[in-house]
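See structure below.
This is how it looks when you write it as structure tokens:
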């Protein structure tokens, strides 16, 4: 536990979310206030930007634009998917990082991302420690997938869940407007954890949800799926809304979506597109009803106009708390959220050893999935509903969002 | 011009929009205030509901729920696609309509929809006139496609345009987040008119739009498209966003999307899905870059959480004005919007003979499309920007929209 004086470096990594920039704003606003932090840097494209000595001087930015980052989706500094090799296999990147850290006297390092990014953060942390270079390293959690171990939930999830639930309610009204049948198959992100797909149940809680929900936690069987749809159609005049995770797998553990990659899928149908499109096609063929496949695609992770206020504020707080913890001497940890045992929803940022976060996936508890495997229990609603509360979005300019515009002054061009 | 006393009937027809219920609210709220209107009915599934004597007694509804209809997407009464035959070919439906109109003393008929619906409205109007049955008939315009003849624009367009522009801005930030290449092909609705696709230019006006925009007004050439994408990629590190209308056609007039319906398209690729997916696939194959196809699907027409305040209010006013005109003795007309020659945007509802609206399509003026055929001029921005101003959405309940809940008391079950 050392109180260090020096510059701080922040990087964004992995898939963007609606609120990853809110965490950045949290880090920047708090760091700019700290006396022990001499300079605030934001890495262009995460760890790659540090390796390439491409990072921005945040002290040069307009505070108003930093405030607007709270409501600006995606990763304003640029993101990266870059896996650091193990030091033993190849020390090149590590030595370069140390060189850059020394050159700019970087004594605080904050990295914002999901499982893979926390693996990077963990490796950097352990390497700096082993090198005897004093640098407090804190991970800031982020992922729409909500699959980080140890934390009650992840910044980014609430807003994505709100997007999915709200949009599903609207689609529910739209898709049922004619007195003729229509089966909608909606595909939601999430390769191994079903948290995002489960958010469809929040729309159901408001009476405008999906008839069937399929998470990757439960092995997917096409024949059962067709039977499920058939059952709903029989009751509801051939109207059915099914929401499937892109990550649904057969009982053999193979992604159902993988069968769509080639021109012919496992059922012999010509194919292109996601698992939703494939399943809609099978329904059409087997049941002879009209179908429509819908993918929430990038919109579910960047739909900041539908961000949850709770999520925006917690994401900011996760970043700000990381800085406060580091300045207080904490290192080698990740910020996590602890739900407080109170009547009203209350969340507290605490710390967890970072190696616990790296590469571990938290999935939806099986006992939160209803017996038929196509719905979520009240426990899930109670868990998720507080996370989607309130609106928080960019101010309008000409009727459109006014997102943050950063100057992005490069450190070596200052 | 007769001042009639009797019941009024309102029906919703064609594809839903974010604000068709706002027009319904306008009709209902105004009709309930009028002394000459004895009863207010809403047809279940448009003209079909009248033929089947299935319509709701709006007088029974809670005024608060009627107010919430302004912010509730889709068609709350149910919609229909039903083409009335010509009277000379088959008078059955017409005779049945007259029977129902007489039974309930329906003296006002309002029909809300696009080209096809106005054809229905026109036929009903002419038939009632020829039958000597006094009934004032007024069409209320509606279509996200914005392709109705005679009116400056259509209720529904502004909100869909706002959805497209806002979402495109967010996708722009998301898709360019890595320092690796990505070509996004986004498919937007609109079979013959490019108004919706053109809305992408509003995002471009804010600096976060598409690199290339393809409207159905300009014949589509796949080789030119690939060359256009290649040119953008060369300049922007293989990053490119192209927005295409679902209705783009070859110079022979065949929908490009039609080639995707079979398992093999005209280029010999295995296919399923829309024209966007097909084009993304061709880009991937020809240019060897990463691609992503995105469809705005139903969301663009039912995304009421992103509705334009101007659109919501104008849609309401179109309905209310229709009632006022009819009570004043007008008939056989459709409400249209006339843009007033003032510095600030101002719109006035006026009337047009309904036969002019039926089955005519208004497309984007060719001189508003830039010379390269992939962009829109400032004239379009000046035209469209006032239509997307302001936010107007349903209040939140549990963090999700509280949409209208109608009692829907059927007339013969009252």
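Residue numbers (this note's numbering), protein chains in the order written: chain A, 46 to 459; chain B, 46 to 459.
C-beta: ideal position from N, C-alpha, C; glycine also.
> In three-state DSSP terms, what is residue 390/B?
Replying inline: Within the second chain, numbered from 1, the residue matching residue 390/B stands at position 345. Of the three classes helix, strand and coil, the one that applies to residue 390/B here is coil, per DSSP.
> In three-state terms, what does DSSP make of residue 83/B?
Replying inline: By one-based count along the second chain, residue 83/B stands at place 38. The answer is strand: DSSP assigns residue 83/B an E or B state.
>> In whole angstroms, give me the CA-to-CA distance for residue 411/A and residue 293/A.
In response: Taking the first residue of the first chain as 1, we reach residue 411/A at position 366. Taking the first residue of the first chain as 1, we reach residue 293/A at position 248. Using only the alpha carbons, I get a separation of about 15 Å.
> Excluding the five sequence neighbours on either side, which residues of its own chain have a C-beta within less than 6 Å of the C-beta of residue 224/A, listed in chain order?
Replying inline: Reading the first chain from its first residue, position 179 is the one you call residue 224/A. Counting only Cβ-Cβ distances below 6 Å, and skipping sequence neighbours, we find nothing.
> Regarding residue 445/B and the ligand ATP, is the C-beta to nearest heavy atom distance less than 7 Å?
Replying inline: Among the ligands in the structure shown, none appear at all, so the ligand ATP cannot be discussed.
>> Taking contact to mean 3 or more Cβ pairs, one atom from each stretch, closer than 8 Å, check whether the stretch 172-188 of chain B and the stretch 84-93 of chain A are in contact.
In response: no
> Whose C-beta lies closer than 7 Å to the C-beta of residue 461/B among residues of the same chain, with five residues either side of it excluded?
Replying inline: Residue 461/B is absent from the model: chain B starts at 46 and stops at 459.
> Considering only the beta carbon of each residue, do residue 142/B and residue 185/B sit closer than 8 Å?
Replying inline: Locating residue 142/B in the second chain gives position 97, counting from the first residue. Locating residue 185/B in the second chain gives position 140, counting from the first residue. No, the pair does not count as a contact, with Cβ atoms beyond the cut-off.
> In the stretch 376-401 of chain A, which residues sit with their C-beta less than 9 Å from some C-beta in chain B, listed in chain order?
Replying inline: none
>> Here's the rule I'm using: 16 or more other beta-carbon atoms within 10 Å means buried, otherwise exposed. How should residue 149/A be labelled?
In response: Here residue 149/A refers to the residue found at position 104 of the first chain. Its Cβ being crowded by 16 or more others within 10 Å, residue 149/A is buried.
>> Does the CB of residue 312/A have a neighbour CB from chain B at under 8 Å?
In response: Start at 1 with the first residue of the first chain, and residue 312/A comes out as number 267. The predicted model places residue 312/A with a pLDDT of 44, which falls under 50 and marks its position as unreliable; any figure quoted below should be read in that light. Output row for residue 312/A: interface = no.
> What residue ranges within the stretch 218-282 of chain B form continuous beta strand (DSSP E) runs of no fewer than 3 residues, ordered along the chain?
Replying inline: 227-233 and 257-259
> Cβ of residue 245/B less than 8 Å from any chain A Cβ?
Replying inline: Locating residue 245/B in the second chain gives position 200, counting from the first residue. No, residue 245/B does not count as interfacial toward chain A.
> For residue 306/B and chain A, any beta-carbon pair shorter than 8 Å?
Replying inline: The sequence position of residue 306/B within the second chain is 261, counting from 1. Residue confidence for residue 306/B is low, a pLDDT of 48 falling below 50, so the modelled location carries little weight and cannot support an answer.
>> Against chain A, with Cβ distances strictly below 8 Å, would residue 214/B count as a contact?
In response: Taking the second chain and counting its residues from 1, one reaches residue 214/B at position 169. For residue 214/B, the answer is yes, since a Cβ of chain A falls inside 8 Å of its Cβ.
> Are there 16 or more other CB atoms within 10 angstroms of the CB of residue 365/B, so buried, or fewer, so exposed?
Replying inline: The sequence position of residue 365/B within the second chain is 320, counting from 1. The residue in question, residue 365/B, is buried, as its Cβ has 16 or more Cβ neighbours within 10 Å.
>> Please tell me whether residue 460/A has its Cβ less than 8 Å away from any Cβ of chain B.
In response: The structure shown has nothing for residue 460/A, since chain A only spans 46 to 459.
> Can you give the Cα-Cα distance for residue 379/B and residue 137/B, rounded to whole angstroms?
Replying inline: Locating residue 379/B in the second chain gives position 334, counting from the first residue. Locating residue 137/B in the second chain gives position 92, counting from the first residue. So the alpha carbons of these two residues sit roughly 25 Å apart.
>> Between the stretch 67-77 of chain B and the stretch 439-456 of chain A, can you find at least three pairs of beta-carbon atoms closer than 8 Å?
In response: no
> Does DSSP classify residue 384/A as helix, strand or coil?
Replying inline: Translated into the one-based positions of the first chain, residue 384/A becomes position 339. The answer is strand: DSSP assigns residue 384/A an E or B state.
> residue 315/B to residue 325/B, Cα distance in whole Å?
Replying inline: Locating residue 315/B in the second chain gives position 270, counting from the first residue. Locating residue 325/B in the second chain gives position 280, counting from the first residue. Confidence is the limiting factor: at residue 315/B the pLDDT is only 41, short of 50, which leaves the residue's position unreliable, though a coordinate-based value still follows. Answer to the nearest angstrom: the Cα atoms are 13 Å apart.
>> Please identify the residue among 117/B, 54/B, 215/B and 300/B whose C-alpha is closest to the C-alpha of residue 438/B.
In response: As a first step, residue 438/B must be located in the second chain, where it is residue number 393. Of the listed residues, the one whose Cα sits closest to residue 438/B is 117/B.
> Could you give the uninterrupted runs of the alpha helix (DSSP H) lying entirely in the stretch 338-385 of chain A, keeping only those of 4 residues or more?
Replying inline: 344-347 and 354-372
> Between the Cα of residue 347/A and the Cα atoms of 171/A, 188/A and 126/A, which residue gives the shortest distance?
Replying inline: In the first chain, the residue the question calls residue 347/A occupies position 302. The shortest Cα separation from residue 347/A among 171/A, 188/A and 126/A belongs to 188/A.
> Taking Cβ-Cβ distances below 8 Å as the criterion, which residues of the stretch 403-434 of chain B are in contact with chain A?
Replying inline: 430, 433 and 434
>> Between residue 56/A and chain B, is any beta-carbon pair separated by less than 8 Å?
In response: Locating residue 56/A in the first chain gives position 11, where the first residue counts as 1. So no, residue 56/A is outside the interface.
>> Let me see if you follow: with CB-CB separation under 8 Å, is residue 256/A close to chain B or not?
In response: Residue 256/A sits at position 211 when you count from the first residue of the first chain. No, because no Cβ of chain B sits closer than 8 Å to the Cβ of residue 256/A.
> Do you know offhand how far residue 447/A's Cα is from residue 119/A's?
Replying inline: Taking the first residue of the first chain as 1, we reach residue 447/A at position 402. Taking the first residue of the first chain as 1, we reach residue 119/A at position 74. Roughly 14 Å separates the two Cα atoms.
>> So for residue 141/B, helix, strand or coil by DSSP?
In response: The residue labelled residue 141/B in the question sits at position 96 within the second chain. Correct three-state label for residue 141/B: helix.
> Does DSSP put residue 181/A in a helix, in a strand, or in coil?
Replying inline: Residue mapping note: residue 181/A aligns to position 136 of the first chain, counting from 1. Strand.
> Just to confirm, are residue 481/A and residue 409/A a CB contact at a threshold of 8 Å?
Replying inline: This structure does not reach residue 481/A, given that chain A is present from 46 up to 459, and the question cannot be answered.
>> Considering Cα atoms alone, identify which of 359/A, 177/A, 79/A and 403/A is closest to residue 165/A.
In response: Looking up residue 165/A in the first chain gives position 120. Ranking the options by Cα distance to residue 165/A, first place goes to 403/A.
> Below 8 Å between beta carbons: does that hold for residue 288/B and residue 338/B?
Replying inline: Working through the second chain from its first residue, we reach residue 288/B at position 243. Working through the second chain from its first residue, we reach residue 338/B at position 293. No, the Cβ-Cβ distance between residue 288/B and residue 338/B is not below 8 Å.
>> So residue 223/A contacts chain B; which residues on that side make the cut at Cβ distance below 8 Å?
In response: Translated into the one-based positions of the first chain, residue 223/A becomes position 178. By Cβ distance, chain B contributes 90, 123, 124, 125 and 126.
> What whole-angstrom Cβ distance do residue 282/B and residue 226/B have, given they're in contact under 8 Å?
Replying inline: Indexing the second chain from 1 puts residue 282/B at position 237. Indexing the second chain from 1 puts residue 226/B at position 181. Residue 282/B to residue 226/B, Cβ: 6 Å. Contact.
>> DSSP has residue 286/B in a bridge; who is on the other side?
In response: Counting from 1 along the second chain, the entry for residue 286/B is found at position 241. According to DSSP, residue 286/B bridges with 229/B.
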